[in-house]
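K.L.:
Residue numbers (the numbering used here): 1 to 354.
#1: Span of the beta strand (DSSP E) holding residue 291?
#2: Quick check on the burial criterion: 16 or more other C-beta atoms within 10 angstroms. Buried or exposed for residue 29?
#3: Do you know offhand how far residue 273's Cα is from residue 336's?
#4: From residue 72 to residue 317, what does the alpha carbon distance come to, in whole angstroms?
#5: On the CB-based measure, 16 or more other CB atoms within 10 Å of its CB, does residue 395 come out buried or exposed?
#6: Identify, in the order they occur along the chain, each residue of the same chain with its Cβ nearer than 7 Å to the Cβ of residue 234, setting aside the five sequence neighbours on each side.
#7: Can you check the stretch 125 to 179 for any alpha helix (DSSP H) of at least 4 residues that lies completely inside it and give the ranges in chain order?
#8: Counting only runs that start and end within the stretch 219 to 262, where is the beta strand (DSSP E) found for 3 or more residues in a row?
#9: Measuring straight from C-alpha to C-alpha, what distance separates residue 293 and residue 307?
#10: Between which two residues does the alpha helix (DSSP H) holding residue 107 run?
#11: By DSSP, does residue 339 sit in helix, in strand, or in coil?
#12: Apply the 10 Å Cβ neighbour rule to residue 14 and answer buried if 16 or more other Cβ atoms are within range, or exposed otherwise.
#13: Mind checking which residues open and close the alpha helix (DSSP H) that includes residue 192?
#14: With DSSP as the reference, please indicate the residues paired to residue 344 in a beta bridge.
#15: Looking at C-beta atoms only, is the number of pairs between the stretch 268 to 286 and the stretch 239 to 247 that lie closer than 8 Å three or more?
#16: Figure out for me which residue from 211, 320, 114 has the closest Cα to the Cα of residue 236.
#17: Go to residue 76, then tell me how far its beta strand (DSSP E) extends in each direction, as first and last residue.
#18: State the DSSP-derived secondary structure class of residue 84, mapped to helix, strand or coil.
#19: Residues in its own chain within less than 6 Å of residue 93 by CB, not counting five upstream and five downstream?
#20: Pull up the distance between the alpha-carbon of residue 245 and that of residue 163, whole angstroms please.
#21: Could you have a look at residue 330 and say whether DSSP puts it in helix, strand or coil?
#22: From this set, 185, 119, 91, 18, which residue's C-alpha is nearest residue 260's C-alpha?
#23: In angstroms, rounded to a whole number, what distance separates the CA positions of residue 107 and residue 79?
#24: Kindly list the residues whose CB is nearer than 7 Å to the CB of residue 32, restricted to its own chain and excluding five residues on each side of it in sequence; keep chain order.
#25: Residue 219: buried (16+ other C-beta within 10 angstroms of its C-beta) or exposed?
#26: Measure the beta-carbon distance from residue 168 to residue 129 and round it to whole angstroms, keeping in mind my assumption that it falls under 8 Å.
#27: Nearest to residue 23 by alpha carbon, out of 35, 34, 40, 48?
#28: At a cut of 8 Å, does the stretch 107 to 118 reach the stretch 134 to 153 through at least three beta carbon pairs?
#29: Tell me the rounded alpha-carbon separation between residue 127 and residue 89.
#30: Check whether the Cβ atoms of residue 344 and residue 309 sit closer than 7 Å, and answer yes or no.
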């Protein structure tokens, strides 16, 4: 809300954009451009406006904004587990991108629950947000589209091949192929992959599910190298460090022989590495390990984690831009957009030099 300040007559009043414009010696339109992140304003003028707004304790009146435009400058971000390192990094980056556009970000946790996802869309997004970025989880995109009642939604890793919504994809297939090819290049031949689900198989080339795309990337690299893809190379496992630790420990305790491990997330890779260390397996001398995501925690494992890093800044920036475009141009008629972000291999201590 607008905060009171004392004018020259000694009375408390409410700070408006006109007050900020007068203080900064610019037009009200210029103040609007700066505070809403729209238009083109020079750096000096922008700094003068922000300084004036700060001196006058000006803040946006969201209620008034909504009355004028039907929008309140808030967008939602719904993630399955905000405590996971990758989700935390994505939240941080998306918040920075939102602020760059003059928007506030409201982060919610879905726990991949249909009930939670429905509740977030119906009670939070529809009432308080101009639109939402959502990590695909339990609900199909068609139902999300219906529940959102015309408010724009951008999905991350959408499960539906014919989604009515804009979608951004992490490079699961491409990144997995990069990781497996790197393990093969250092001489690894018996490579297991952690993170598949019971529903991953049989493989569908057209599927957009993350676990399927990882598995297709694994298969692509193995087949290109002329290596056999054995069913027991795929390990069903949840995506937390604890679940990956337990799955890796079970593999070792059954005597299953392998010389390479690829995990579908860095959190999983950290758990797998801990299990290998605890069971006396030398990494990377005996077993090489690669994770996926590029979270900062990989710098602090022993040895440091080799990973396929995704471009989180590109993901967040693209998602916010896509959503803002739909918010500002609801009747554009543009078909659903589909974008896959970039990736790069970061070589550290859990792989051998090649």
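From the three backbone atoms N, C-alpha and C, an ideal C-beta is built for every residue, glycine too.
P.N.:
So, from the data block:
#1: Here residue 291 corresponds to residue number 291 of the chain shown, with the count starting at 1. First-last of the beta strand (DSSP E) with residue 291: 288 to 293.
#2: Looking up residue 29 in the chain shown gives position 29. Label assigned to residue 29: exposed.
#3: The count along the chain shown starts at 1 and reaches residue 273 at position 273. The count along the chain shown starts at 1 and reaches residue 336 at position 336. Looking at the two C-alpha atoms, the distance is approximately 40 Å.
#4: Taking the chain shown and counting its residues from 1, one reaches residue 72 at position 72. Taking the chain shown and counting its residues from 1, one reaches residue 317 at position 317. So the alpha carbons of these two residues sit roughly 20 Å apart.
#5: Since the first and last residues shown for the chain are 1 and 354, residue 395 lies out of range.
#6: The count along the chain shown starts at 1 and reaches residue 234 at position 234. Around residue 234: 193, 196, 215.
#7: 141 to 147
#8: 234 to 236
#9: As a position in the chain shown, residue 293 is number 293, starting the count at 1. As a position in the chain shown, residue 307 is number 307, starting the count at 1. Answer to the nearest angstrom: the Cα atoms are 7 Å apart.
#10: The sequence position of residue 107 within the chain shown is 107, counting from 1. Residue 107 -> not in any alpha helix (DSSP H); beta strand (DSSP E) instead, spanning 104 to 109.
#11: Reading the chain shown from its first residue, position 339 is the one you call residue 339. Here residue 339 sits in strand by DSSP.
#12: Indexing the chain shown from 1 puts residue 14 at position 14. Classification of residue 14: exposed, given that the 10 Å Cβ count is below 16.
#13: As a working note, residue 192 is residue 192 in the chain shown. Note, residue 192: premise wrong, no alpha helix (DSSP H); beta strand (DSSP E) at 191 to 196.
#14: Mapped onto the chain shown, residue 344 falls at position 344. DSSP, once it has assigned bridges, lists 309 as partnering residue 344.
#15: yes
#16: Start at 1 with the first residue of the chain shown, and residue 236 comes out as number 236. Cα-wise, what sits closest to residue 236 is 211.
#17: Your numbering for residue 76 matches position 76 in the chain shown. Start and end: 74 to 79.
#18: Translated into positions along the chain shown, residue 84 becomes position 84. Coil, per DSSP.
#19: The count along the chain shown starts at 1 and reaches residue 93 at position 93. Correct list, in chain order: 312, 313, 316.
#20: Locating residue 245 in the chain shown gives position 245, where the first residue counts as 1. Locating residue 163 in the chain shown gives position 163, where the first residue counts as 1. Near 35 Å, if we compare the C-alpha coordinates of residue 163 and residue 245.
#21: To locate residue 330, count along the chain shown from 1; it is residue 330. Of the three classes helix, strand and coil, the one that applies to residue 330 here is coil, per DSSP.
#22: Position 260 of the chain shown holds residue 260. If we check each option's Cα against that of residue 260, 185 comes out closest.
#23: Here residue 107 refers to the residue found at position 107 of the chain shown. Here residue 79 refers to the residue found at position 79 of the chain shown. If I take the Cα positions, the gap works out to 8 Å.
#24: Numbered from 1 along the chain shown, position 32 holds the residue referred to as residue 32. The residues are 17.
#25: Start at 1 with the first residue of the chain shown, and residue 219 comes out as number 219. Buried is the call here.
#26: Here residue 168 refers to the residue found at position 168 when the chain shown is read from its first residue. Here residue 129 refers to the residue found at position 129 when the chain shown is read from its first residue. So it is not a contact: roughly 18 Å between Cβ atoms.
#27: Here residue 23 corresponds to residue number 23 of the chain shown, with the count starting at 1. It is 48 whose Cα lies nearest to the Cα of residue 23.
#28: yes
#29: In the chain shown, counting from the first residue as 1, residue 127 sits at position 127. In the chain shown, counting from the first residue as 1, residue 89 sits at position 89. If I take the Cα positions, the gap works out to 26 Å.
#30: As a first step, residue 344 is located in the chain shown; it is residue number 344 there, counting from the start. As a first step, residue 309 is located in the chain shown; it is residue number 309 there, counting from the start. For residue 344 and residue 309, yes; Cβs fall inside 7 Å.
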